[in-house]
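Take a look at the structure set out below.
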Amino acid sequence: MSAQELVHRACKLGTGGRRILGIAGAPGSGKSTLAKYLAAAVGPAAIVVPMDGFHLADVELSRLGRADRKGAPDTFDPLGYMALLRRFRAETANIVYAPAFERDLDQPIAASIAVEPSIRLIITEGNYLLYHEPPWTGVRDLLDECWFMELDNTKRRERLVHRHVQFGKTRPAAERWVNGSDEANARAVAGGVARADLVVPGDLTELG
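For the sequence shown, my numbering assigns the number 255 to the initial residue and increments by one for each residue that follows.
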């Protein structure tokens, strides 16, 4: 499926009342790139709200003893994420503020994204939208569609190493993190492809 076909499908989904499109996949598969591309193509009636805004803060991960597994399913607040998705449905007459994830700080930032009443298509992306363990299993019912991004593992891992280096890790440290934590998370989400409405290749050349 081409990028333009994906845009057409997203536009069609966004007609009528407010709709929520999910984009799931392993770390580094291209979820955020596709989400931004679709939102720009659809126009001002669309916005991206990433699942990563519900990362637990580092101070809480340290308290829980999970800092070395940051990005694993139990290092997020899935119930808070689902509560926000429900608000998007229920509060269409008001601005709903959503958190974002600041990569420079490697931390979630509250109330960073303003979802205006005029928004008709919310594109939310993250690793665990189709994850099979509760409470994450409740996410799928809150989405109108959910797509799954797939990318060759070698390309995906190299993307991740580059990203970690870009945001401050040495290359050896980035490779250790990718081969450890990131790959464990990739294995955890792989089964979600069977529950997706659409499987999208993560190397669409049209996305640039």
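Positions of the beta carbon are idealized from the N, C-alpha and C atoms, including for glycine.
Next item on the list: Look at the alpha carbon of Glu437 and the alpha carbon of Asn348, and state the distance between them as a whole number of angstroms.
Entry: Position 183 of the sequence shown holds residue 437. Position 94 of the sequence shown holds residue 348. Answer to the nearest angstrom: the Cα atoms are 40 angstroms apart.
Next item on the list: Could you spell out the range, first to last residue, of the alpha helix (DSSP H) harbouring Ser316?
Entry: In the sequence shown, counting from the first residue as 1, residue 316 sits at position 62. Ser316 -> alpha helix (DSSP H) spans 312-318.
Next item on the list: Would you list the residues sitting across from His309 in a DSSP beta bridge?
Entry: Sequence index remark: in the sequence shown, residue 309 carries index 55 (1-based). Answer is Phe330, bridged to His309.
Next item on the list: Indicate the three-state DSSP secondary structure (helix, strand or coil) for Val453 in the structure shown.
Entry: For the purposes of this step, residue 453 is identified with residue 199 of the sequence shown, where counting begins at 1. In this structure, Val453 counts as strand in the three-state DSSP scheme.
Notebook entry, point to check: Do you know how far the Cα of Val350 is from the Cα of Ala368?
Noted result: Reading the sequence shown from its first residue, position 114 is the one you call residue 368. Reading the sequence shown from its first residue, position 96 is the one you call residue 350. Cα to Cα, the separation comes out at about 6 angstroms.
Margin query: Looking at Arg273: is its Cβ nearer than 8 angstroms to the Cβ of Asp457?
Written below: In the sequence shown, the residue the question calls residue 273 occupies position 19. In the sequence shown, the residue the question calls residue 457 occupies position 203. Contact: no.
Notebook entry, point to check: Would a check of beta-carbon distances place Gly445 closer than 8 angstroms to chain C?
Noted result: The structure shown contains no chain C; it holds only a single protein chain.
Check: Measuring CA to CA, which of Phe402, Gly319, Glu429 is closest to Arg413?
Finding: Taking the sequence shown and counting its residues from 1, the one referred to as residue 413 is at position 159. Here the closest residue by C-alpha is Glu429.
Checklist line | Boundaries of the beta strand (DSSP E) in which Pro353 is found, first to last residue | finding: Residue numbering aside, residue 353 sits at position 99 when the sequence shown is read from its first letter. Run containing Pro353: 350-356, per the beta strand (DSSP E) assignment.
Margin query: Pop quiz: Val453 and Glu404 are said to be a contact at Cβ under 8 angstroms. What is the actual Cβ separation, rounded to whole angstroms?
Written below: Numbered from its first residue, the sequence shown carries residue 453 at position 199. Numbered from its first residue, the sequence shown carries residue 404 at position 150. With a Cβ gap of about 6 angstroms, Val453 and Glu404 count as contacting.
Notebook entry, point to check: Candidates Asn381, Asp406, Arg411: which alpha carbon is nearest Cys400's?
Noted result: Numbered from 1 along the sequence shown, position 146 holds the residue referred to as residue 400. The residue with the shortest Cα to Cα distance from Cys400 is Asn381.
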